[in-house]
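All residue numbers for the sequence shown refer to this note's numbering, where the first residue is 86 and numbers rise by one.
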Amino acid sequence: MADSWANSERRGQRPDSGSDLHLDLTPSAGPGAPRPRAALLAALRDAVRTGRLAPGTRLPSSRTLAADLGLARNTVAGAYGELVAEGWLTARQGSGTRVADRAEPAAPSRPGPNRPAPPSRTERSSRAERHSGAERPSRTGRPARLPLSPDQRRQHRPTHDLRTGAPDVSAFPRSAWLASARRALTAAPARAFSHGDLRGAAELRQALAGYLARARGVRADPERIVVCAGFAQGVALLARVVAGEIAVEEYGLPFHRELLDTPPARTRPLPVDAHGARTQLLDTGRDFADVRAVLLTPAHQYPLGVPLHPDRRAAVVDWAGRRGGLVLEDDYDGEFRYDRNPVGALQGLDPERVVHLGTASKALAPALRLAWMVLPDHLVEPVLAAKTPAEWTTGTLDQLTLADFLERGAYDRHVRTMRQRYRRRRDRLVEQLAAHVPEARATGIAAGLHAVLRLPPGVTEAAALRALDRFGVASDPLSGFRHPAAPRGALAPPSLVVGYGTPPEHAYTAALDALCGALATCRPGGS
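Laid out in C-alpha cells, this is it:
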C-alpha cells in the first residue's frame with residue numbers, strides 16, 4: 086500500500102468508527118487475480134459462510150474498512166450494497182451494516198457425543214498432589230540485568246520505565262469497563278456466584294469466539310476455548326500436557342522457558358533471523374528430531390519484532406501435520422500493527438495442530454489476569470484435567486465484564502485508540518533517535534508496544550545500561566532474552582529492547598529525552 090494503515094486512522098477518522106475485521110484480500114497475483122471488489126466480496130461471503138462473522142455482527146463502516154484494507158471507499162460501499170441485495174447483510178438507518186440473521190454459517194465441529202465428563206473434585210485433588218512440583222520456583226543466580234519478572238518489576242521503580250511487558254495502564258478505559266461491570270453484575274445469573282466452568286464463563290467464550298474469528302482470523306469454537314488466569318497459566322497447563330522436547334525461539338521471555346522446562350518437557354532453542362523463526366529446521370535439523378511441539382510468536386516475534394515469513398508459516402503447519410506435532414501460537418500483541426492490516430492468526434491454517442494463545446494484558450491491563458487458549462479438540466480434556474483445584478476458574482465477574490466489553494464494541498474502540506497512540510510513540514522514538522543519536526536505530530516492523538534499538542557501533546549493552554542508570558532510565562538488554570543453550574555464533578548485535586508503550590502519556594516525552602540523552606553520552610569502548 087502506498088499509505089500506512091494506521092495513518093489512515095490518524096487523518097481525522099474516529100477511533101471508534103467500527104470493529105476490527107480480519108479479511109485476507111491477497112490471493113495469488115497475476116492477470117487472473119480477482120479485482121479488489123471481487124476479492125472483498127469473496128472474503129466477506131466466506132467469513133459469513135464459515136461462521137467467522139456470526140448473524141447480527143455489526144460490520145465496520147465503509148469508510149473504516151476502506152482505510153483498514155487500503156481500498157477506495159466506493160469499492161467497500163459497493164460490496165456492502167451487493168451483499169445486502171444478495172441477503173448476506175442487512176443495512177438499516179441508525180443500525181449500520183450487519184450480518185443477516187438468515188445467513189446460516191457452516192456448523193462448526195463440536196465435541197463428539199462420547200466425550201468424557203470433566204474430572205470430579207476427588208480426581209482433581211489427586212492430580213493436584215501428583216503435579217504439586219510442576220510449578221518450579223524461579224531459578225537463582227540469574228544475572229542482575231536479565232528482564233525482570235513481574236514481582237521484581239514492582240520492587241524496582243525507575244524514574245523512566247521503558248522496560249517491556251506492560252501497556253500504558255494509565256489509559257485503561259475505566260468508565261467503559263465500569264459500565265460493562267455494572268451490566269454484567271446486574272444480569273449475572275445465580276450460577277455466576279458459584280464454582281465456575283473449568284473452561285471459563287460460557288458468555289466470555291462465546292464473545293471471544295466471535296471476536297477472534299472476526300479480528301484475528303481464528304477458527305474458534307466456544308467449546309474449544311479455555312479461559313486462563315493470565316498467559317503464564319496457559320503455558321504452564323500446556324507444559325503439563327505436552328511431553329518431550331519443545332522448541333522455542335532462541336530469543337524470547339526467560340520465564341516462559343522456565344514454565345516449559347518442566348519435566349518431562351524440555352526446551353530447545355530454534356534459531357531466528359530477519360524472517361522470524363527458522364521453522365524449516367524442525368524438519369531438516371538433527372537437533373530437532375525429537376521435538377513434538379514449538380512455541381512461536383508469528384505475528385510479531387518477541388522481542389526481535391519481525392513477522393514470521395509466509396513460507397515459514399506454511400512450513401511449520403505442514404511439519405505439525407506430518408509429525409503429529411503441535412504449534413503453540415503466542416498472539417500477545419497481534420492487534421497492534423501500524424504499517425498495514427494485521428496478519429491473521431496462524432491457527433486459521435490448521436486448528437487441529439495449532440493452539441492459539443491470547444491475552445487482555447497488552448490491550449487492556451495485566452491486572453485483569455485474563456487470557457485464553459483456543460485448543461484442538463483432542464487437547465481440551467487433557468488441559469482441563471491438568472488444572473489443579475486452585476485453577477478451577479478465573480474470576481467469573483471479570484469474565485462476564487470482558488464478555489460485555491467485547492460484545493458492545495468497547496474492546497475494539499479501545500484497541501483502535503491505543504493503536505494510534507502507540508504508533509505515534511514509535512514514530513517519535515524513531516524521529517528522536519535520528520535527531521540526537523543517529524548511530525542508533527530502531528529495528529523490526531512498525532507494530533506492538535516495544536522496539537529493538539540497535540546500539541551505535543562499538544557500544545556494548547553493559548555500557549548503554551550504565552548510561553541509562555545515570556539518567557534514571559530502565560530498559561532491557563536484548564541478550565537477556567536469549568536462550569542459554571543457543572549457539573554462541575549467532576549472537577544478535579548489541580541492542581536494547583525499549584518498551585515505548587509502558588510510560589503514561591504525560592511522562593513519555595521526558596522518558597524519550599532521558600533515553601536519547603543517555604545514549605548520546607555513550608562512546609565506543611567507553612564506560
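A virtual CB, placed ideally from N, CA and C, is assigned to each residue, including glycine.
Hey, out of the options, whose CA is closest to residue i's CA?
i	options	result
H360	Q386, D346, V401	Q386
L367	E590, D153, L411, A132	L411
E590	P274, D497, H245	H245
V468	E308, R299, T175	E308
P541	R268, A603, D131, A471	A603
T615	V376, L485, G155, G433	There is no way to answer for residue 615, as the model of the chain reaches only from 86 to 612.
L150	L138, A139, R371, L125	L125
S560	K472, P258, A549, R567	A549
G315	E466, P274, L442, A287	L442
L289	A495, D554, L487, G557	L487
A305	L431, Q505, V522	L431
F340	F566, R608, P609	F566
G337	T249, L518, P140, E171	T249
A450	A471, D403, K472, V500	V500
D403	G172, V439, A374	V439
N426	L138, P274, L381, D153	D153
D489	E171, L263, T160	L263
L553	T160, C607, R513	C607
Who are the near neighbours of residue i in its chain, counting only those whose CB is closer than 7 Å to its CB and skipping five residues on each side?
i	result
D483	L453, L455
A564	Per the sequence shown, residue 564 should be read as Ser rather than Ala. Cβ neighbours of S564 beyond the five flanking positions: E546.
P243	G557, V558, A559
R371	none
C601	Q517, L518, H521, V522
A192	Because the pLDDT of A192 is 44, which lies under 50, any placement of that residue in the model is unreliable, and the number read from its coordinates should be weighed accordingly. Excluding residues within five positions, none has a Cβ falling inside 7 Å.
Could you check the C-alpha separation between residue i and residue j for me, to the nearest Å?
i	j	result
D346	T352	6 Å
L108	V428	9 Å
V544	G480	47 Å
A300	Y417	14 Å
A292	Q178	25 Å
A571	L355	8 Å
D415	V333	11 Å
A167	V133	Contrary to the premise, residue 167 reads as Glu rather than Ala in this sequence. Spanning the two alpha carbons is a distance of roughly 14 Å.
E492	R183	14 Å
P626	P436	Residue 626 lies beyond the stretch modelled for the chain, which goes from 86 to 612, so this question has no answer here.
V254	V582	19 Å
D64	E335	Residue 64 falls outside the range modelled here, since the chain spans only 86 to 612, and no answer is possible.
H521	T594	14 Å
Q505	Y585	13 Å
K472	A286	16 Å
S265	R498	14 Å
A405	A378	8 Å
A592	R259	20 Å
Skipping 5 residues on each side, what residues in its chain have a beta carbon closer than 6 Å to that of residue i?
i	result
A219	Summary for A219: the model assigns pLDDT 34, below 50, so the residue's position carries little reliability, and this model does not support an answer.
A277	T481
R148	R158
D598	none
H568	E335, P354
A176	V169, T182
R143	G181, R183
D186	P140
L270	none
L380	V333, L413
A294	A305, P307
Can you check whether the CB of residue j is closer than 9 Å to the CB of residue i?
i	j	result
A448	P252	yes
D424	I530	yes
L110	P145	no
A362	P383	yes
V320	L344	yes
A164	L129	yes
T502	A256	yes
A527	R511	yes
L534	Y496	no
F421	A261	no
V327	R284	no
A596	L247	yes
V303	V459	yes
Taking 8 Å as the line, does the beta carbon of residue i fall inside it for any heavy atom of the ligand FAD?
i	result
D598	With respect to the ligand FAD, the structure offers nothing, as it holds no ligand at all.
Only counting the same chain, and skipping five residues up and downstream in sequence, which positions put a Cβ closer than 8 Å to that of residue i?
i	result
P578	R539, L540
V376	G329, E330, I331, A332, R353, L367, G410
P609	P541, P542, G543, V544
R397	H360, G361, A362, R363, T364, Q365
G390	T528, G529, I530, A532, G533, H535, A536, V537
Quiz prompt | Minimum length 3: unbroken beta strand (DSSP E) runs contained in the stretch 349-394 | solution = For the stretch 349-394, whole beta strand (DSSP E) runs of length 3 or above, ordered along the chain, are 351-355, 376-381.
Quiz item: Whole alpha helix (DSSP H) runs in the stretch 433-476 with 4 or more residues, listed along the chain?
Solution: If we require 4 residues or more, the alpha helix (DSSP H) runs fully inside the stretch 433-476 come out as 462-471.
Practice problem: Only counting runs of 3 or more residues, tell me where the beta strand (DSSP E) segments fall wholly within the stretch 107-169, in order along the chain. | Solution: Counting only unbroken stretches of 3 or more residues, no beta strand (DSSP E) element lies wholly within the stretch 107-169.
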